[in-house]
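14 is the number of the first residue of the sequence shown in the working numbering; add one for each residue after it.
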Amino acid sequence: LADEGVYIGTLGGLIYVNAQKQSIDLGKKFKELSDRVTQLLYFDGILWVGTGNSGIIGYRNNRIVTHLTTKEGLTGNLVRKLYLHNNILWVGTDRGIP
14 LADEGVYIGT LGGLIYVNAQ KQSIDLGKKF KELSDRVTQL LYFDGILWVG TGNSGIIGYR
74 NNRIVTHLTT KEGLTGNLVR KLYLHNNILW VGTDRGIP
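Structure, rendered in structure tokens:
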């Protein structure tokens, strides 16, 4: 996204490792990204992060651009699967597909 680094989803949140191999714990900067990461999917310039209890987080350009939970219509906040088909992002939660 920003450079030649890589994003890693862990039990403790989202980690970014840059091209110089420096590890950055994004959960320390953004509370929403400190939850267990269950899925990662890059689409339309946004890194979509499925979490174990915080729904879906859209991350782009070093900031959270959207955060979707049951309040916004997800059937559950535990994301089991993110799937992209025909430019539609499908979300499977522990309680089904919204």
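Don't be surprised by glycine CBs; every beta carbon is placed ideally from N, CA and C.
{"Asked": "contact_flag[the segment 87–94, the segment 56–71] where n(CB pairs < 8 Å) is 3 or more", "Found": "yes"}
{"Asked": "Alpha carbon of L46 to alpha carbon of N31, nearest angstrom", "Found": "17 Å"}
{"Asked": "Nonlocal neighbours in the same chain, by C-beta distance under 8 Å from I87, ignoring five residues either side", "Found": "The sequence given here has Leu at residue 87, not Ile. Cβ neighbours of L87 beyond the five flanking positions: G68, I69, L81, V104, T106 and P111."}
{"Asked": "DSSP three-state assignment for K94, whether helix, strand or coil", "Found": "strand"}
{"Asked": "Proximity winner among V78, T83, I21 and R73, relative to G109 (alpha-carbon distances)", "Found": "T83"}
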